[in-house]
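Novice: Structure in structure tokens, see below.
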Amino acid sequence: MSFKLQTSGELRLIDSRGTETAFPEKGLLILAYLLASEETEVTRARIARLVWGGPDSSRGLTNLRQTVSRVVARQEELGTRFLDFAPGHVRLVPNAITADLEVLFALRSATAETVQPLLGRAITFYRLPFLEEVQGISAEYRAWIAEKQHTCSEIYSAAVRLALPQSNSPADRVLLKETALRVFRHDPDNSEMREILALGEGQDQGPDGGAVSSPPASAVPAPADAASGVGSALDMLRTLYNRKKAMAAVRPAALQAAPAPLPAALATLPRLAILPPFETEGTGLAGALLEDVTIGLCGCRSLRIVAPYTAARISRQSDRTETIVQHSIHYVLETRLTMMGGYPSLFVQLIYVASDDVVWADRFRLAPETFLANRSDLTSRLVENISAAVGRNETVRQYFEGNPAAYFHFLQGQQYLQHLTLPEIRRARKSFRAALQEKADFGPALSGLARTNHLEWLITARGEPELLHSAQRHAQEAIERCGELTSGYRELGVTRLFLGAFDESVEALMMAEKLSPQYADLLVDFGDTLIHASRPAEGLSKLEKAIELNPLTPDGYLWTAAGANYYLENYAGALDYIERMADPTPALRLAAACRAMQGEIKQARALARKLKQHYPDFEVDQWIAVLPIKEDWQREHYREGLKKAGL
Numbered sequence: 001m002s003f004k005l006q007t008s009g010e011l012r013l014i015d016s017r018g019t020e021t022a023f024p025e026k027g028l029l030i031l032a033y034l035l036a037s038e039e040t041e042v043t044r045a046r047i048a049r050l051v052w053g054g055p056d057s058s059r060g061l062t063n064l065r066q067t068v069s070r071v072v073a074r075q076e077e078l079g080t081r082f083l084d085f086a087p088g089h090v091r092l093v094p095n096a097i098t099a100d101l102e103v104l105f106a107l108r109s110a111t112a113e114t115v116q117p118l119l120g121r122a123i124t125f126y127r128l129p130f131l132e133e134v135q136g137i138s139a140e141y142r143a144w145i146a147e148k149q150h151t152c153s154e155i156y157s158a159a160v161r162l163a164l165p166q167s168n169s170p171a172d173r174v175l176l177k178e179t180a181l182r183v184f185r186h187d188p189d190n191s192e193m194r195e196i197l198a199l200g201e202g203q204d205q206g207p208d209g210g211a212v213s214s215p216p217a218s219a220v221p222a223p224a225d226a227a228s229g230v231g232s233a234l235d236m237l238r239t240l241y242n243r244k245k246a247m248a249a250v251r252p253a254a255l256q257a258a259p260a261p262l263p264a265a266l267a268t269l270p271r272l273a274i275l276p277p278f279e280t281e282g283t284g285l286a287g288a289l290l291e292d293v294t295i296g297l298c299g300c301r302s303l304r305i306v307a308p309y310t311a312a313r314i315s316r317q318s319d320r321t322e323t324i325v326q327h328s329i330h331y332v333l334e335t336r337l338t339m340m341g342g343y344p345s346l347f348v349q350l351i352y353v354a355s356d357d358v359v360w361a362d363r364f365r366l367a368p369e370t371f372l373a374n375r376s377d378l379t380s381r382l383v384e385n386i387s388a389a390v391g392r393n394e395t396v397r398q399y400f401e402g403n404p405a406a407y408f409h410f411l412q413g414q415q416y417l418q419h420l421t422l423p424e425i426r427r428a429r430k431s432f433r434a435a436l437q438e439k440a441d442f443g444p445a446l447s448g449l450a451r452t453n454h455l456e457w458l459i460t461a462r463g464e465p466e467l468l469h470s471a472q473r474h475a476q477e478a479i480e481r482c483g484e485l486t487s488g489y490r491e492l493g494v495t496r497l498f499l500g501a502f503d504e505s506v507e508a509l510m511m512a513e514k515l516s517p518q519y520a521d522l523l524v525d526f527g528d529t530l531i532h533a534s535r536p537a538e539g540l541s542k543l544e545k546a547i548e549l550n551p552l553t554p555d556g557y558l559w560t561a562a563g564a565n566y567y568l569e570n571y572a573g574a575l576d577y578i579e580r581m582a583d584p585t586p587a588l589r590l591a592a593a594c595r596a597m598q599g600e601i602k603q604a605r606a607l608a609r610k611l612k613q614h615y616p617d618f619e620v621d622q623w624i625a626v627l628p629i630k631e632d633w634q635r636e637h638y639r640e641g642l643k644k645a646g647l
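Heads up: the sequence shown runs through residues 1 to 647, numbered per UniProt numbering.
Structure (structure tokens):
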């Protein structure tokens with residue numbers, strides 16, 4: 001029986017029937033090293049360092065001896081030998097085993113006549129990066145894998161350049177598109193691949209030895225144009241090929257050998273990861289669309305794109321934060337598939353990682369019967385909206401990251417505000433003040449101070465006007481310092497609500513929504529304002545949109561939505577929202593009122609007693625008197641529930 005070693009993605013031993021065959025894991029790693037390195041013999045010391053790593057060579061050699069015993073025993077069971085073990089060496093038995101990697105290595109000897117079929121075989125039979133799925137290996141072996149993945153990428157790149165002049169049919173174009181993406185997945189910052197996917201028809205003089213100039217910025221297509229389809233992508237590829245060929249004819253040999261360095265400015269560009277949706281009905285259509293969007297965004301010179309393979313790996317992680325920070329990702333496009341009207345619908349939201357704000361979101365219907373006809377238009381819309389949203393938000397990012405010390409304290413304060421308790425609110429205020437000590441006019445910290453003041457006023461329910469006047473002052477200062485940030489207008493709107501200036505509150509929040517129409521936190525505050533303005537149904541609509549934008553919903557969203565339901569006399573719905581809160585303590589007043597209005601007096605009185613333990617100074621009439629509510633019916637409705645609860 002013959003055997004083949006699979007190295008595409010996973011590492012497995014496959015027999016001639018296509019069945020996976022058990023084999024010692026470390027033995028497979030040794031086989032992969034010998035076959036991929038195209039070596040027939042390697043020292044035991046080298047294998048021990050590579051497979052087990054670490055500074056203790058004697059321990060690695062001991063582990064190797066144990067592996068040798070297991071490999072020899074398994075080879076006897078299979079009736080074959082892949083590896084021979086001499087006292088100081090490990091040898092690969094000739095012709096005993098093949099590897100799937102051979103279809104890729106065959107491209108190295110390709111000619112212009114043979115490159116297309118060889119490339120087709122490589123793309124078909126070697127679909128995943130070399131050993132990408134292998135886990136539990138040493139740092140040394142992981143580094144060697146990365147080196148081999150780079151080698152594979154270079155083989156694909158050379159094949160693209162060789163195949164370009166002969167690529168005229170639609171099948172050839174699809175093949176080259178897929179190959180270009182293979183290289184891009186490995187190295188999204190590769191300057192040559194960025195040009196391949198981004199450049200349009202340049203001002204080339206042709207390969208006649210004359211000067212060939214780089215295209216002016218105006219010659220670079222807009223992102224939407226870059227996503228117009230496979231044919232235009234191949235035109236870009238061929239244009240770059242002709243340019244490279246002409247430039248090579250006039251360059252000194254020494255320069256031809258050195259690749260062009262990545263522009264220094266590229267490292268400062270924002271980085272975007274497009275996370276695919278989880279496997280479900282319609283995923284194939286969504287995946288095809290997102291692949292087109294990825295290619296289209298490569299034509300945008302104002303940002304960098306994380307390779308699709310890496311983005312897919314990130315999307316499958318339960319805790320993505322560490323990976324996102326590790327890869328210096330500034331923006332994440334989250335995608336989610338749902339069924340609407342019997343057809344899959346793709347929901348997308350662009351998140352600015354530093355502040356966890358949604359800067360843009362939309363929904364796209366993916367009806368199979370119209371998808372092919374509308375695919376190009378959908379791609380263009382997505383590319384245009386994403387690049388525009390990133391561009392708008394970059395002013396904000398530069399403002400934040402230009403003040404790193406102040407930014408650190410600001411983020412710390414934001415973290416404290418995830419918990420709506422008085423101690424955490426005061427810790428947040430301390431952090432915002434520390435940010436202002438680093439930079440006195442740091443607008444986001446001024447907005448943060450305004451928020452802590454109005455939250456303390458709300459939590460303590462003592463009706464202290466000084467807190468609200470201080471919040472209003474800080475919000476106005478934030479707008480004066482940085483008028484393009486949403487947070488100043490947001491805090492001003494909320495504070496004016498609690499001061500009873502309903503029209504001015506709505507005006508400020510409308511300005512904030514104009515700056516950030518998909519900002520979930522803002523929509524919550526806007527919904528709260530509408531509730532207090534005696535328009536609870538409109539307020540609940542804003543809140544439901546915010547919850548859709550932020551499905552891992554913070555307590556503040558749920559508390560506010562519960563209030564809207566109370567005023568709509570949907571007490572069960574209000575209690576459902578409260579029960580979803582991680583810490584329902586801030587909503588004890590509302591929960592007690594809901595229980596009382598449902599006739600559950602015993603439960604309502606228990607909640608009222610618990611509330612008094614946390615806030616012993618709470619008085620219903622005093623609280624109702626200062627609560628900003630536009631119409632008396634709403635105020636009396638709340639008073640009735642609290643009184644029935646025994647407060």
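We put the beta carbon where it would ideally sit given N, CA and C, even for glycine.
#1: Is the beta carbon of Ala110 sitting closer than 8 Å to the one on Leu104?
#2: Determine the extent of the alpha helix (DSSP H) in which Thr495 is found, giving its start and end residues.
#3: Where DSSP assigns a beta bridge to Ala440, which residues make up the other side?
#4: With DSSP run on the structure shown, which of helix, strand or coil describes Ile329?
#5: In the DSSP assignment, the alpha helix (DSSP H) including Glu25 goes from what residue to what residue?
#6: Going by Cα to Cα distance, which pick from Asp84, Lys612 and Leu492 is closest to Val42?
#7: Looking at the unbroken beta strand (DSSP E) that takes in Gln349, where does it start and where does it end?
#8: Since Gln389 contacts Val359 with CB under 8 Å, what's their CB separation in whole angstroms?
#9: Residues in the same chain with beta-carbon distance under 7 Å from Ser487, minus the five sequence neighbours each way, listed in chain order, please.
#10: Determine contact between the stretch 56 to 73 and the stretch 166 to 183, defined as no fewer than three beta-carbon pairs at a distance below 8 Å.
#11: Between Leu289, Leu346 and Thr294, which lies nearest to Asp377 when the distance is taken from Cα to Cα?
#12: Pull the bridge partners of Asp84 from the DSSP assignment, please.
#13: Can you give me the C-alpha to C-alpha distance between Ile305 and Asn570, rounded to a whole angstrom?
#14: Measuring alpha carbon to alpha carbon, tell me which of Pro628, Ala143, Arg639 and Thr114 ends up nearest His454.
#15: Go ahead and pull the three-state DSSP assignment for Ala537.
#16: Can you check which of these residues, Ser541, Gly539, Ser534 and Tyr557, is closest to Asp521 by C-alpha distance?
#17: Considering only the beta carbon of each residue, do Tyr352 and Tyr331 sit closer than 8 Å?
#18: For the alpha helix (DSSP H) containing Asp521, name the first residue and the last one.
#19: Which same chain residues end up closer than 8 Å to Leu611 when comparing Cβ atoms and leaving out the 5 residues on each side of it in sequence?
#20: Taking DSSP as the reference, what is the three-state secondary structure of Leu13?
#21: Give me, in chain order, the residues of the same chain whose beta-carbon lies closer than 6 Å to that of Glu438; leave out the 5 immediate sequence neighbours on both sides.
#22: Pairs of beta-carbons, one from the stretch 34 to 50 and one from the stretch 8 to 16, closer than 8 Å: are there three or more?
#23: Hey, how far is the Cα of Leu269 from the Cα of Glu640?
#24: Based on the DSSP secondary-structure assignment, which residues constitute the bridge partners of Val42?
#25: What's the call for Trp52, buried or exposed, on a 16-neighbour Cβ count within 10 Å?
#26: Count the other CB atoms, across all protein chains shown, that sit within 10 Å of the CB of His474; report buried if there are 16 or more and exposed otherwise.
#27: Mind checking which residues open and close the beta strand (DSSP E) that includes Leu5?
#28: Let's test the definition: count the other Cβ atoms within 10 Å of the Cβ of Met581 and tell me whether it reaches 16, buried, or not, exposed.
#29: Which of helix, strand or coil does DSSP assign to Val160?
#30: List the endpoints of the continuous alpha helix (DSSP H) containing Phe364.
#31: When the Cα atoms are used, what is the spatial distance from Arg490 to Leu497?
#32: Anyone know if the C-beta pair for Leu549 and Gly539 falls short of 8 Å?
#33: Using the Cβ count rule (16 or more neighbours within 10 Å means buried), how would you classify Gln6?
#34: Here's the rule I'm using: 16 or more other beta-carbon atoms within 10 Å means buried, otherwise exposed. How should Lys644 be labelled?
#35: Between the stretch 132 to 140 and the stretch 74 to 90, are three or more C-beta pairs nearer than 8 Å?
#36: Can you check which of these residues, Val348, Leu575, Ser387 and Pro517, is closest to Gly296 by C-alpha distance?
Specialist: Let me spell this out:
#1: The count along the sequence shown starts at 1 and reaches residue 110 at position 110. The count along the sequence shown starts at 1 and reaches residue 104 at position 104. The answer is no: Cβ separation not under 8 Å.
#2: Counting from one through the sequence shown, the residue named residue 495 turns up at place 495. That run of the alpha helix (DSSP H) goes Thr486 to Phe498.
#3: Translated into positions along the sequence shown, residue 440 becomes position 440. Paired residues: none, contrary to the question.
#4: Your numbering for residue 329 matches position 329 in the sequence shown. It is coil, neither helix nor strand.
#5: On the sequence shown, residue 25 is found 25 positions in, with the first residue counted as 1. That run of the alpha helix (DSSP H) goes Glu25 to Ser37.
#6: Walking along the sequence shown from the start, residue 42 turns up at place 42. The option with the nearest alpha carbon to Val42 is Asp84.
#7: The residue you call residue 349 lines up with position 349 of the sequence shown. Tyr343 to Tyr352 is the extent of the beta strand (DSSP E) around Gln349.
#8: Counted from its first residue, the sequence shown places residue 389 at position 389. Counted from its first residue, the sequence shown places residue 359 at position 359. Looking at the sequence shown, residue 389 is not Gln but Ala. So it is a contact: roughly 5 Å between Cβ atoms.
#9: Position 487 of the sequence shown, counted from the first residue, corresponds to residue 487. For Ser487, where only same-chain residues beyond five positions count, the Cβ hits under 7 Å are Pro444, Ser447 and Ala478.
#10: no
#11: Counting from one through the sequence shown, the residue named residue 377 turns up at place 377. If we check each option's Cα against that of Asp377, Leu289 comes out closest.
#12: As a working mapping, residue 84 is identified with position 84 in the sequence shown. Partner(s): Arg91.
#13: Walking along the sequence shown from the start, residue 305 turns up at place 305. Walking along the sequence shown from the start, residue 570 turns up at place 570. Approximately 46 Å between the Cα atoms of the pair.
#14: Numbered from its first residue, the sequence shown carries residue 454 at position 454. The candidate whose alpha carbon is nearest that of His454 is Pro628.
#15: Locating residue 537 in the sequence shown gives position 537, counting from the first residue. Of the three classes helix, strand and coil, the one that applies to Ala537 here is helix, per DSSP.
#16: The sequence position of residue 521 within the sequence shown is 521, counting from 1. The option with the nearest alpha carbon to Asp521 is Tyr557.
#17: The residue labelled residue 352 in the question sits at position 352 within the sequence shown. The residue labelled residue 331 in the question sits at position 331 within the sequence shown. Cβ atoms of Tyr352 and Tyr331: closer than 8 Å.
#18: Your numbering for residue 521 matches position 521 in the sequence shown. It spans Ala520 to His532 - the alpha helix (DSSP H) in which Asp521 sits, taken as one unbroken run.
#19: Position 611 of the sequence shown, counted from the first residue, corresponds to residue 611. For Leu611, where only same-chain residues beyond five positions count, the Cβ hits under 8 Å are Leu588, Arg589, Ala592, Phe618 and Leu647.
#20: Within the sequence shown, the letter at position 13 stands for residue 13. It is a strand residue.
#21: Translated into positions along the sequence shown, residue 438 becomes position 438. Only Ala405 and Ala406 meet the Cβ criterion.
#22: no
#23: As a first step, residue 269 must be located in the sequence shown, where it is residue number 269. As a first step, residue 640 must be located in the sequence shown, where it is residue number 640. Roughly 57 Å between the two C-alpha positions.
#24: Counting from 1 along the sequence shown, the entry for residue 42 is found at position 42. Paired residues: Val90.
#25: In the sequence shown, counting from the first residue as 1, residue 52 sits at position 52. Label assigned to Trp52: buried.
#26: The residue given as residue 474 occupies position 474 in the sequence shown. Classification of His474: buried, given that the 10 Å Cβ count is 16 or more.
#27: Your numbering for residue 5 matches position 5 in the sequence shown. Counting along the chain, the beta strand (DSSP E) containing Leu5 begins and ends at Phe3 to Gln6.
#28: Taking the first residue of the sequence shown as position 1, residue 581 is located at position 581. The residue in question, Met581, is buried, as its Cβ has 16 or more Cβ neighbours within 10 Å.
#29: The residue given as residue 160 occupies position 160 in the sequence shown. In the structure shown, Val160 sits in a helix (DSSP, three-state: H, G or I).
#30: As a working note, residue 364 is residue 364 in the sequence shown. First-last for Phe364: Asp357 to Arg365, but that is the beta strand (DSSP E), not the alpha helix (DSSP H).
#31: Within the sequence shown, numbered from 1, the residue matching residue 490 stands at position 490. Within the sequence shown, numbered from 1, the residue matching residue 497 stands at position 497. The straight-line gap from Cα to Cα measures roughly 11 Å.
#32: Taking the first residue of the sequence shown as 1, we reach residue 549 at position 549. Taking the first residue of the sequence shown as 1, we reach residue 539 at position 539. No, the Cβ-Cβ distance between Leu549 and Gly539 is not below 8 Å.
#33: Taking the sequence shown and counting its residues from 1, the one referred to as residue 6 is at position 6. When all chains shown are included, Gln6 counts as buried.
#34: Locating residue 644 in the sequence shown gives position 644, where the first residue counts as 1. By the neighbour-count rule (16 or more Cβ atoms within 10 Å), Lys644 is buried.
#35: no
#36: For the purposes of this step, residue 296 is taken as the residue at position 296 of the sequence shown. Comparing Cα-Cα distances from Gly296 to each of Val348, Leu575, Ser387 and Pro517, the minimum goes to Ser387.
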